[in-house]
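Just below is one structure, and these are the notes that go with it.
2 protein chains.
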Amino acid sequence: MTAADRVVGIDDVRVAAGRLSGVAIRTPVMRSDLLDELCGCRVHLKAEMFQRTGSFKFRGAYNAVVSLTPEQQAAGVVTYSSGNHGQALACAATLLGVAATVVMPADAPTMKVDAVRRLGAEVVTYDRTSADRAGIAQQIVAERGGTLIPPYDHDDVIAGQGTVALELLEQVPGLDALMVPVGGGGLIAGCATAAKALAPGIEVIGVEPAAMPRLARSLDAGRPVGVPFVPTVADALQTVAPGERTFTINARLVDTMVGVADVAMVDAVVILSDLVKVACEPSGAAALAGLLTSGAPLQGLDVGVVLSGANLGLVDFVARRQQLLDATAARSSSMGRT
Amino acid sequence: MTAADRVVGIDDVRVAAGRLSGVAIRTPVMRSDLLDELCGCRVHLKAEMFQRTGSFKFRGAYNAVVSLTPEQQAAGVVTYSSGNHGQALACAATLLGVAATVVMPADAPTMKVDAVRRLGAEVVTYDRTSADRAGIAQQIVAERGGTLIPPYDHDDVIAGQGTVALELLEQVPGLDALMVPVGGGGLIAGCATAAKALAPGIEVIGVEPAAMPRLARSLDAGRPVGVPFVPTVADALQTVAPGERTFTINARLVDTMVGVADVAMVDAVVILSDLVKVACEPSGAAALAGLLTSGAPLQGLDVGVVLSGANLGLVDFVARRQQLLDATAARSSSMGRT
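Chains A and B supply the protein sequences, listed in that same order. At position 209 of the first sequence the residue is numbered 209 (the working numbering), and the sequence of numbers has no breaks. At position 305 of the second sequence the residue is numbered 643 (the working numbering), and the sequence of numbers has no breaks.
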């Protein structure tokens, strides 16, 4: 087996957990009797909105930056991100005294762009529909030096994200299933690695926007395949293809994929606010949306659900929800006319 | 000193804490660097939205019901409440196997009415603008028997609410000031009792809707005085006069009163969601609204802020916020025309 063939294992996740100890927040697991009733199972919510920078992304970013040599750290880090990874890398770099540059889409929520700048990183924007974000980041590295830390397709990032499931299974040892939102697949790759090592019988379920079923299609095809870009309310999950390294892991360890509609994610955000009293962004609530809409195949079981982040402001959330309601109303009224 | 003169003391709060141990949730104290920057001081948020039934009210209700004799418990309990105390009493009574009846205004949020029913209590509704809720509750007691547990003007209720500050000062011993939302004054009476006993130099600051400054007026007058009913976004703080027992305590222990506008409470809810990732209702965010709008007299200090509850659904909150924005826009446009 060559170095390129070696994939992230439980030992890498444990090493990451050691590095993150005392730096990352050991986020709480939250419960609600009413939510259990709604879902027909015992739901254990891993609340990563309380993580540093408001999402799980800090875990992978910090693990990647702290793994660099002092020379690499001195040259700085660069990434591209719809926001959460950008904030996470900016925060991790600042904590470690490393300079960071973040390439972000021009239409990313203001709150996310501002947060990255405030955390001390330089922001370079691009047009999401035309430009290639990875290409822009690589060009910056070529011109200025530094190390590219991509948002998901990177072993240290994957290992860091795996600490979410490592912690959750320490907090709730008897989980029957684990539901995880899927964008590029880094979170679920790390979580599946940890979960299957600690609880071999656990069912690992990925949840992605129904409009962009990259991982489901790729698992069917047996190789990473892309899907067209479709704007969804889940701006943190809008990747068009799985990563190569994440796909290698996910093809082996992910048991089931579920697709969720925008309205299901928005509803899950409202339910989390009302019943659990926590803020969550639609992308972060995707796994719960999957559980709420999947017709209760997990009835009576203990189900871990990763709430991955909360970096969409409440006012922006309200506006997006209203757009979605208006669009739904317009569709049904035009259907009524035919 | 007769029994009627005796007011709640720190020993009563400690006894309540013992009864609540293992039953009530020891809620977390939450922090945010960005919130500290906004407020100009170190803000320690006591997160009572994570309390049983979504507000601090469970503490007082349980302490009152558990203090009844077995004969009294067998006859049931009755109360009137805009919602949070009703849910709390329903929950406490159910836990203790006691029947509960709750008198609620007909315009209370659906979520609150449903929650009280689901917790096993009988709900009797009345018209908030015409009928006397306390009178209705007393009539029920006269007809059916049972004990009236009022929402705030009751020693065991006050002592129970005091455990909020008792816990907070154990969690953060060096507080310089404590800010507490004020409705009927039970929460601040209990909290001031505990806080002044544990930290005699602490400044206790009450925050009430600017439109209904009952406690501020009463403190000025040296006796409980009423104010006209004015609908505010803070439906849990819409009492027209302080309680007699709460006033006796608050006249002695409350240092400062602050009034907050509806829009300040709504903004505080948004800030809590965006920065702290927690859901809060406008009434529950009143103390933070007071801190955010009081012009930083507490600069550089350690300030405890009680977030008292989160039982307004997100969809209802969004609707009320929109009404407020529309009303503000209509006012400034009509001012522009004159």
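Glycine is no exception: its CB is placed at the ideal position from the N, C-alpha and C atoms. Remember, predicted model here, so these are calculated numbers, not experimental data.
Closest by C-alpha distance to residue i, when choosing among the options
| i | options | result |
| --- | --- | --- |
| VAL542/B | VAL440/B, ASN401/B, LEU507/B, ALA533/B | ALA533/B |
| ALA251/A | ASP274/A, VAL270/A, TYR152/A, GLY222/A | GLY222/A |
| ASP132/A | PRO151/A, ILE158/A, VAL103/A, VAL141/A | VAL103/A |
| VAL116/A | VAL78/A, THR147/A, SER294/A, GLY146/A | VAL78/A |
| GLY295/A | ASP33/A, ASP235/A, ASP11/A, CYS41/A | CYS41/A |
| THR101/A | ARG118/A, VAL305/A, GLY206/A, ALA234/A | ARG118/A |
| ASP445/B | CYS618/B, PRO569/B, VAL608/B | PRO569/B |
| PRO620/B | THR584/B, ALA527/B, LEU575/B | LEU575/B |
| ALA142/A | VAL123/A, ALA75/A, GLY97/A, GLY22/A | ALA75/A |
| ALA322/B | ILE478/B, PRO580/B, VAL545/B | This structure gives no information on residue 322/B, because the portion of chain B shown stretches from 339 to 676. |
| PRO635/B | GLU409/B, ALA459/B, LEU383/B, ASP514/B | ASP514/B |
| GLN499/B | VAL353/B, ASP640/B, LEU372/B | VAL353/B |
| GLY512/B | VAL656/B, LEU536/B, LEU663/B | LEU536/B |
| GLU170/A | HIS44/A, ALA189/A, ILE158/A | HIS44/A |
| LEU433/B | THR584/B, GLY360/B, LEU553/B, MET368/B | GLY360/B |
| PRO580/B | GLY564/B, LEU591/B, ASP593/B | GLY564/B |
| ASN649/B | THR391/B, VAL510/B, ALA548/B, ARG369/B | THR391/B |
| VAL502/B | PHE388/B, THR631/B, ARG369/B | PHE388/B |
| LEU663/B | ASP605/B, ASP640/B, LEU629/B, GLY622/B | ASP605/B |
| ALA530/B | ASP371/B, LEU358/B, GLY642/B, ARG659/B | GLY642/B |
| ALA6/A | ILE249/A, LEU187/A, GLY146/A, CYS91/A | Before going on, a small fix: residue 6/A reads as Arg here, not Ala. Measuring from the Cα of ARG6/A, the nearest candidate turns out to be ILE249/A. |
| GLU505/B | ALA665/B, GLY522/B, LYS384/B, ALA668/B | LYS384/B |
Residue i - DSSP class collapsed to helix/strand/coil
| i | result |
| --- | --- |
| SER333/A | helix |
| THR676/B | Any reading at THR676/B needs caution, since the residue's pLDDT is 47, under 50, leaving its predicted position unreliable; the model's value is listed next. Three-state result, THR676/B: coil. |
| ILE587/B | helix |
| GLU281/A | coil |
| THR594/B | strand |
| THR69/A | coil |
| VAL440/B | strand |
| VAL29/A | strand |
| SER359/A | Lying before the first or after the last residue shown, residue 359/A is absent from chain A, which here runs from 1 to 338. |
| SER294/A | coil |
| PHE567/B | coil |
| ARG321/A | helix |
| ARG352/B | helix |
| LEU96/A | coil |
| GLN576/B | coil |
| ALA549/B | coil |
| VAL345/B | coil |
Residues that residue i bridges to, as DSSP identifies them
| i | result |
| --- | --- |
| ARG42/A | ASP302/A |
| MET517/B | ILE543/B, VAL643/B |
| LEU486/B | VAL416/B |
| VAL454/B | Its beta-bridge partners do not exist; DSSP assigns none. |
| TYR126/A | PRO105/A |
| ALA47/A | LEU307/A |
| SER359/B | According to DSSP, SER359/B bridges with nothing at all. |
| SER55/A | GLY309/A |
Beta-carbon neighbours of residue i, restricted to chain A and to distances below 7 Å
| i | result |
| --- | --- |
| VAL653/B | VAL270 |
| LYS615/B | MET49, PHE50, GLY54, VAL278, ALA279, ALA310 |
Closer than 9 Å to chain C by CB, residue i
| i | result |
| --- | --- |
| ASP274/A | Of the chains in the structure shown, none is chain C; the protein chains are A and B. |
Partners in chain B for residue i, counting only beta-carbon separations shorter than 7 Å
| i | result |
| --- | --- |
| VAL318/A | VAL656 |
Partner residues on chain B for residue i, Cβ-Cβ distance less than 8 Å
| i | result |
| --- | --- |
| MET111/A | ASP612 |
Contact test: residue i Cβ vs the ligand HEM heavy atom, cutoff 8 Å
| i | result |
| --- | --- |
| ARG561/B | As far as ligands go, the structure on display features none, and thus does not contain the ligand HEM. |
Assess contact between the stretch 144-155 of chain A and the stretch 274-283 of chain A, defined as three or more Cβ pairs (one per stretch) separated by less than 8 Å. Is contact present?
no
Quick check: the stretch 416-426 of chain B against the stretch 388-403 of chain B, are at least 3 beta-carbon pairs closer than 8 Å?
yes
Three or more C-beta pairs below 8 Å linking the stretch 119-137 of chain A and the stretch 12-30 of chain A:
no
Using 8 Å as the cut-off, can you tell me whether the stretch 252-264 of chain A makes contact with the stretch 594-607 of chain B, which would need three or more C-beta pairs spanning the two stretches below that distance?
no
How about the stretch 636-655 of chain B and the stretch 517-531 of chain B: do they share at least three Cβ pairs that are nearer than 8 Å?
yes
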